[in-house]
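Here the sequence shown stands for residues -10 to 103, numbered as in our numbering. Quick reminder that beta carbons are idealized off the backbone N, C-alpha and C, glycines included. Below is one structure, written out as structure tokens; comments come after it.
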Amino acid sequence: MRILLRILKWLGIALVTIVVGLSLYVWRTWDRVWDAPLPDVRASTDPAVIARGEYFVFGPAHCVECHMASSEVFERFVNGGERPPLAGGYKFDAPPLGAIYSRNLTPDPETGIV
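Here it is as structure tokens:
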């Protein structure tokens, strides 16, 4: 019994040391800033590129399923083909966290991507 208590004591000390060490590491590196160059991204005006993007957004990428306003809007899209604006605002219930709302994909607060 005495050996078991000694082993548990040392395991407890090791566990506390690991937790404290990990906490110090996270505290020191939490707000690290990387000095990486930003990519040179530009919006294309090529109709073929825009059409391919629309195909992905409203097709296989399923972006429309989350980045629309409500499930009713999505139902109109599925049943009638009416393309909704991707302005976000769709509510996802996440029981331990509360509710998560989808974001607008563009700076336009009213229409998002049309």
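Closest by C-alpha distance to residue 81, out of 27, 29, 12, 60, is 60. When secondary structure is reduced to three states using DSSP, residue 77 falls in the coil class, being assigned neither helix nor strand.
Burial state of residue 57 is buried, judged by a 10 Å Cβ sphere holding 16 or more other Cβ atoms. Taking each of 92, 39, 75 in turn and checking the Cα distance to residue 53, the smallest one comes out for 75.
Counting along the chain, residue 3 sits inside the alpha helix (DSSP H) bounded by residues -9 to 18.
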